[in-house]
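Trainee: Here it is: the structure, laid out below.
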Amino acid sequence: MAIGKPAVGISSDLSAITNPAYSADTRVGCHVNMENKTFYNRFRCAIIVPLKESWNSIDTLKSINAQRAIVGIDPHWDIKGRISNLLMLSSNFFGFDIPSTNSPLHQEIGPVIPETFPSLTPVLESFLADNPRTIYFALGTNVVLSPQNVITILNSFLKLIDQNVIDGVIWLL
-6 MAIGKPAVGI
4 SSDLSAITNP
14 AYSADTRVGC
24 HVNMENKTFY
34 NRFRCAIIVP
44 LKESWNSIDT
54 LKSINAQRAI
64 VGIDPHWDIK
74 GRISNLLMLS
84 SNFFGFDIPS
94 TNSPLHQEIG
104 PVIPETFPSL
114 TPVLESFLAD
124 NPRTIYFALG
134 TNVVLSPQNV
144 ITILNSFLKL
154 IDQNVIDGVI
164 WLL
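Those letters in the sequence shown? Residues -6 to 166, per the working numbering, in order.
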């Protein structure tokens, strides 16, 4: 039995759902241009990574299907199948998010920003009062840095602090 009711999905990141097979996924080392990559890297990105993602989703799908069975909904094993005909709204930020081709039913509506923000914690408020030249550093949710890049960034921050250019850094992880 299907629900038979209209539904709208909401997500902060539709890339895992809507990205076509040819699209890059730099989180797992697969780039748009694989022209100069080894056969192994091409095979890994075209075959192994998608199979691994499918394998890793089995437990989640089993859990979801168990919940579906409780309310009398038929099981479904294709994680992308039902959403292909579902209106999906995505909170994104044009110009910052990686562009991708989407279904006409997948609409980017971002950024969705609240009208008010919670107050700072006393510890953070005190830190910012004592360190007015603080950098807020955030790379986003889909960025994976190599250990060497993390070391380079941290050394750059330390150098700026030592040179008295900045007072501190808040790094959103």
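A virtual CB, placed ideally from N, CA and C, is assigned to each residue, including glycine.
These numbers come from a predicted model, not from an experiment.
How far does the beta strand (DSSP E) with V162 in it extend, from its first residue to its last?
Mentor: Annotation: the continuous beta strand (DSSP E) that includes V162 extends over G161 to L165.
Trainee: Apart from the five residues just before and just after P125, which ones in its own chain have a Cβ nearer than 7 angstroms to its Cβ?
Mentor: Beyond the five residues adjoining it in sequence on each side, P125 comes within less than 7 angstroms, by CB distance, of D160 in the same chain, given in chain order.
Trainee: Considering only the alpha carbon of each residue, which of L132, L82, T109 and N148 lies closest to I102?
Mentor: L82
Trainee: In three-state terms, what does DSSP make of I128?
Mentor: strand
Trainee: Please tell me whether W48 and N58 are closer than 9 angstroms, where the distance is taken between their beta carbons.
Mentor: no
Trainee: I need the straight-line Cα distance from K152 to S119, nearest angstrom please.
Mentor: 23 angstroms
Trainee: Looking at the secondary structure, which residues open and close the alpha helix (DSSP H) in which S149 lies?
Mentor: P140 to D155
Trainee: Beta-carbon within less than 6 angstroms of L165's beta-carbon, same chain only, minus the 5 sequence neighbours each way: which residues are those?
Mentor: A131
Trainee: Grouping DSSP H, G and I as helix and E and B as strand, with all else coil, what is E101?
Mentor: strand
Trainee: What residue from F32, Q156, I163 and T145 has the CA that sits closest to T127's CA?
Mentor: I163
Trainee: Let me make sure I understand the geometry here. Which of V158, P68 and L138 has the alpha-carbon closest to that of T53?
Mentor: P68
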